[in-house]
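Novice: Oh and the sequence shown: position 85 is 85 in UniProt numbering, straight run, nothing missing. Idealized CB from N, CA, C, for every residue including glycine. Before anything else, here's the structure in question.
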Amino acid sequence: MNSDRLIVQKYFQRGLTGGQVFRHVEQLGITRNGVYRIISRLCDTGSIQGRPRTGRPRTCRSKKRIKRIREKNRRNPERSARKLAMEEDIDNRSMRGILKIDLDLKPYKNVNCMDYRRSKRWLGLKDKYNRQNDRIYALSIEDIPENIRTVQRFQHSGSTIVWGAVSYNDKIPLKFIEQGVKINPKHYQNEILRSTLMPNITKSTQQWLVDNCPDFISSEERPASSPDLNPLDYSIWETLETIVNANPITVWNR
1 MNSDRLIVQK
11 YFQRGLTGGQ
21 VFRHVEQLGI
31 TRNGVYRIIS
41 RLCDTGSIQG
51 RPRTGRPRTC
61 RSKKRIKRIR
71 EKNRRNPERS
81 ARKLAMEEDI
91 DNRSMRGILK
101 IDLDLKPYKN
111 VNCMDYRRSK
121 RWLGLKDKYN
131 RQNDRIYALS
141 IEDIPENIRT
151 VQRFQHSGST
161 IVWGAVSYND
171 KIPLKFIEQG
181 VKINPKHYQN
191 EILRSTLMPN
201 ITKSTQQWLV
211 DNCPDFISSE
221 ERPASSPDLN
231 PLDYSIWETL
241 ETIVNANPIT
251 VWNR
C-alpha cells in the first residue's frame, strides 16, 4: 500500500493531473478512486501517510480472534457462521466479516452424489442436511475434502417401518416391522391390532374390531386427518426428529 502511494506521489509532483496519473498506474492495479484519495490526502496534509484514526479500536475482528477462527474452520469447515458467532459471543455480521473479508473464505454448497454400487448398507442416523442453508467455508472448492464436499444419497436405500400409538393416559412401545413384511389387513390384525386395538378403515379390520371391541370409534365417526386422533402424524414424529437431531450423532457404517 505504501509503495502505491509513493508511485502516485511521484507522478503528481511532476505536475500530472489525477486522470493522467491514473493512466500511468492503472496497470499496477491502482484504482481511479485510490489515486484521487492519495492526491487529496497529499494536498490536505502534505503527506501520503494515513490520517489519524477516529473512534475506538477494533475489538470483535481482532487478530487473535481471526487466528482462532481460522483454526476452527480448518478443523471443521462445515461449521456455520452463526454457530461460530455464538461460540465467540459476537454479532453474526461481525463473524461473516471475519470469514469473508479477513480470511477471504467463500461459502460453498454441498454436492449431492448417488451411490449405485452397494446393494446392502447399514444406514445410521446422520446430522440433518439442509441443502438450502448449509454452507462450507473455504478459499476454493478444491480445498474442501471430498468426504465433506459431497453428500451421498443411496438409490433404493434401506428403510425401516416403525409403528406406534399413544392415548391420553398411556402409550405402547414402538413396533418395528421386519424387512420384507407386507402390511396387509391380516398382518395388521394379527400382529398389531391384537395388542393395540387401533382402528383401521378396511372392512375386515372394522369387523374384527366390532367383534372384539364394540366401543371403539368406527371409521365413519372418526374425522379424516384429525390431529386430535392422530397425534403421531401431526406432532410426535416431528418432536422425536427434533430431539434426535439436536445433538451430534455418531454414524456407524458397514
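In whole angstroms, what separates the C-alpha of T54 from that of E241?
Specialist: Reading the sequence shown from its first residue, position 54 is the one you call residue 54. Reading the sequence shown from its first residue, position 241 is the one you call residue 241. The alpha-carbon atoms of T54 and E241 are separated by roughly 51 Å.
Novice: Quick one, which of T45, D44 and R23 has its alpha-carbon nearest V35's?
Specialist: By one-based count along the sequence shown, residue 35 stands at place 35. For the residues T45, D44 and R23, the minimum Cα distance to V35 belongs to R23.
Novice: Can W163 and K182 be called in contact, C-beta distance under 8 Å?
Specialist: One-based indexing of the sequence shown puts residue 163 at position 163. One-based indexing of the sequence shown puts residue 182 at position 182. The answer is no: Cβ separation not under 8 Å.
Novice: Fully enclosed by the region 11-65, which alpha helix (DSSP H) runs are 4 residues long or longer?
Specialist: You should have 18-25 and 32-45.
Novice: Which of the three DSSP states is assigned to I161 in this structure?
Specialist: Taking the sequence shown and counting its residues from 1, the one referred to as residue 161 is at position 161. It is a strand residue.
Novice: Helix, strand or coil for L123 per DSSP?
Specialist: The residue you call residue 123 lines up with position 123 of the sequence shown. Note that L123 has pLDDT 40, beneath the 50 cutoff, so the model's placement of it is unreliable and no number is given.
Novice: Can you give me the C-alpha to C-alpha distance between K106 and Q206, rounded to a whole angstrom?
Specialist: Here residue 106 refers to the residue found at position 106 of the sequence shown. Here residue 206 refers to the residue found at position 206 of the sequence shown. When rounded, the distance between both Cα atoms is 60 Å.
Novice: For A246, does the three-state DSSP call read helix, strand or coil?
Specialist: As a working note, residue 246 is residue 246 in the sequence shown. A246: coil per DSSP, three-state reduction.
Novice: Consult DSSP for K203 and reduce its assignment to one of helix, strand or coil.
Specialist: Locating residue 203 in the sequence shown gives position 203, where the first residue counts as 1. In the structure shown, K203 sits in a helix (DSSP, three-state: H, G or I).
Novice: Under the three-state reduction of DSSP, which class applies to K175: helix, strand or coil?
Specialist: Along the sequence shown, one-based indexing puts residue 175 at 175. Correct three-state label for K175: strand.
Novice: Where does L6 land, buried or exposed, given buried means 16+ other C-beta within 10 angstroms?
Specialist: Taking the first residue of the sequence shown as position 1, residue 6 is located at position 6. The residue is exposed, with fewer than 16 neighbouring Cβ atoms inside 10 Å.
Novice: I'd like the ranges of any alpha helix (DSSP H) spanning at least 4 consecutive residues and lying wholly in the region 58-108.
Specialist: Entirely contained in the region 58-108, the alpha helix (DSSP H) runs reaching 4 residues are, in chain order, 63-75, 81-88 and 92-97.
Novice: Consult DSSP for I148 and reduce its assignment to one of helix, strand or coil.
Specialist: Walking along the sequence shown from the start, residue 148 turns up at place 148. It is helical.
Novice: When you compare each of G29, K67 and I236 to K171 by their alpha carbons, which one comes out closest?
Specialist: Within the sequence shown, numbered from 1, the residue matching residue 171 stands at position 171. That would be I236, whose Cα lies nearest to the Cα of K171.
Novice: Which same chain residues, not among the five before or five after G15, have their C-beta less than 6 Å away from its C-beta?
Specialist: On the sequence shown, residue 15 is found 15 positions in, with the first residue counted as 1. Cβ within range, chain order: n/a, list empty.
Novice: Whole angstroms is fine: what's the gap from P199's alpha carbon to Y188's?
Specialist: Start at 1 with the first residue of the sequence shown, and residue 199 comes out as number 199. Start at 1 with the first residue of the sequence shown, and residue 188 comes out as number 188. Reliability of the predicted coordinates at P199 is poor, the pLDDT of 49 falling under 50, and no value is obtained from them.
Novice: What do you get for V21, buried or exposed, if any count of 16 or more other CB atoms within 10 angstroms of its CB means buried?
Specialist: The residue labelled residue 21 in the question sits at position 21 within the sequence shown. By the neighbour-count rule (16 or more Cβ atoms within 10 Å), V21 is buried.
Novice: Going by beta-carbon coordinates alone, are I30 and R61 separated by less than 8 Å?
Specialist: In the sequence shown, residue 30 corresponds to position 30, counting from 1. In the sequence shown, residue 61 corresponds to position 61, counting from 1. No, Cβ-Cβ distance for I30 and R61 is not below 8 Å.
Novice: I need the straight-line Cα distance from E71 to R51, nearest angstrom please.
Specialist: Here residue 71 refers to the residue found at position 71 of the sequence shown. Here residue 51 refers to the residue found at position 51 of the sequence shown. Those two C-alpha atoms are separated by around 33 Å.
Novice: For the beta strand (DSSP E) holding Y137, just list the boundary residues, first then last.
Specialist: By 1-based counting over the sequence shown, the position of residue 137 is 137. That run of the beta strand (DSSP E) goes I136 to A138.
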